[in-house]
Amino acid sequence: MKKILYYVSDHGKGHTTRSIAIIQEILKADVEVIIRNTNSIEFFKSSLPDVKIVPGKTDVGSSIKKDGFSIDKIETEKNQVKWIQDLEKNSTVETEIAEKINPDLIISDISVVPFLVAKQIDIPSVAVSNFSWYDVLNFLPQDKLEELKIAYENADLAIKLPLGTPMNHFKNKLKVGLVSRIPSLPKKQLDKSFQMENYKYSVLFALSGSNFIVSCTKTDDVKVFSMNTKIQNSLQSTNYTNLINGHDLVSNCNLVVCKCGYGIISECLTNGIPFYYVMDNEHLEQKSISKELEDMGLTNQIMLNDINDIILSPEKLKSLKAIHEPNDVNNITKHLLQFIKN
0 MKKILYYVSD
10 HGKGHTTRSI
20 AIIQEILKAD
30 VEVIIRNTNS
40 IEFFKSSLPD
50 VKIVPGKTDV
60 GSSIKKDGFS
70 IDKIETEKNQ
80 VKWIQDLEKN
90 STVETEIAEK
100 INPDLIISDI
110 SVVPFLVAKQ
120 IDIPSVAVSN
130 FSWYDVLNFL
140 PQDKLEELKI
150 AYENADLAIK
160 LPLGTPMNHF
170 KNKLKVGLVS
180 RIPSLPKKQL
190 DKSFQMENYK
200 YSVLFALSGS
210 NFIVSCTKTD
220 DVKVFSMNTK
230 IQNSLQSTNY
240 TNLINGHDLV
250 SNCNLVVCKC
260 GYGIISECLT
270 NGIPFYYVMD
280 NEHLEQKSIS
290 KELEDMGLTN
300 QIMLNDINDI
310 ILSPEKLKSL
320 KAIHEPNDVN
330 NITKHLLQFI
340 KN
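Residue 0 is where the sequence shown starts when you use numbering that gives the first Met the number 0, and the numbers rise one by one after that.
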């Protein structure tokens, strides 16, 4: 049986959820997958109970300020510089782990370490992501950026997802469509699961731990859900912060208000769900996502302070524009499986 070692960044749920979607498809081809990750182990165990997980830190992402929303460039630079300085040491340790697993292919979303490991043990490697750290961390010292660039250049292929940075530094790049998890239940069952019996409409707030408190107004036939968002008690929201199948909730809503991140926005788009997004102008991945959304005709960026001016009513929810993009997970998986055969 062929074997894939799949590295999933320790930064953000978007890496986790799209990796789950891809791995679920890979498993249908009777290929063994071993996951390397630290921050989403329980999430992976719940979603992929039969997949082996080897815990371990292989990536350092962006640091967030105390507001729970904005990027902290000073802290991010400090952590990233230390991480890049230790790349050789970390890749040596990682090589020993990979050699014991003996994979036929290494996939990374989107740590640079796996590409150094793959080169060391002479097996192919593929990047799957909507961005790279080389692109989004352009405020790092130039010598550190150059080290990231050189490490990424070891990848045999980069599968470039939409909604992100150019990733032009990869020598071999393949552009594909969006990938996200597919809803597991039909709408009637989802309505029952989310207790929609007394409501006609639903709105999800997913602001990723921001300190902002949602206190907009709503009509009685609208139900409010929360994922890692502070909601005023008067809105009587239902908290699903730790919901593993959050994509089911997204697919069943009439509106999602979220942080500008790949994971939840891709799930909105592939399910044709209207959404508003809040972004940090200092975060280059978010800026890239926002630019692509604007190019698609979606001018639905919203400022945090404007959220509470929204009146959640049938009239408002019916007027929202949605775009339905295809889910390209099958095509992406096909390319990966072809790559492993070659």
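Cβ coordinates follow ideal geometry from the N, Cα and C atoms, glycine included.
Just so we're clear, the structure is a prediction, and the values are computed from it rather than from any experiment.
- Taking C-beta atoms as the reference points, F43 and V53 fail to come closer than 8 Å.
- Pairwise C-beta distances place the segment 185–192 out of contact with the segment 14–30, as fewer than three of them are shorter than 8 Å.
- Between the segment 102–122 and the segment 147–154 there are three or more inter-stretch CB-CB distances shorter than 8 Å, so the stretches are counted as touching.
- Judged by beta-carbon spacing, N78 lies beyond the 8 Å limit of S90, meaning their Cβ atoms are not closer than that value.
- The beta-carbon distance between I3 and I25, rounded to whole angstroms, is 7 Å. This is short enough to meet the 8 Å contact definition.
- When C-alpha distances from C252 are compared across L160, T15, L268 and K12, the shortest belongs to L268.
- In the displayed model, Q337 falls within a helix according to three-state DSSP.
- The Cβ-Cβ distance between I272 and L297 does not fall below 8 Å.
- A distance of 8 Å or more separates the beta carbons of L173 and N326.
- A straight-line Cα-Cα distance of about 25 Å links D85 and N167.
- Boundaries of the alpha helix (DSSP H) around Y151: Q141 to Y151.
- When DSSP reads this structure, P48 sits in no beta bridge, so it has no partner.
- DSSP places N167 in the coil class of the three-state scheme, outside both helix and strand.
- A straight-line Cα-Cα distance of about 12 Å links E291 and S265.
- The C-alpha of G60 is placed about 24 Å away from the C-alpha of I331.
- In the DSSP secondary-structure assignment, P54 is bridged to N36.
- Closest option to N129, judged by alpha-carbon separation, among Q235, T15 and T218: T15.
- Listed in chain order, the non-local C-beta contacts of K229 below 6 Å within the same chain comprise I212, local neighbours out to five positions each way being set aside.
- Per DSSP, C257 lies in no alpha helix (DSSP H) segment; the continuous beta strand (DSSP E) that holds it begins and ends at L254 to K258.
- Here K64 is actually not in contact with T37; their C-beta atoms are around 22 Å apart, not less than 8 Å.
- The Cβ atoms of K12 and G262 sit closer than 8 Å to each other.
- The beta carbon of V112 sits closer than 6 Å to the beta carbons of T57, N89, S90 and E93 from its chain, once the five residues preceding and following it are set aside; these are given in chain order.
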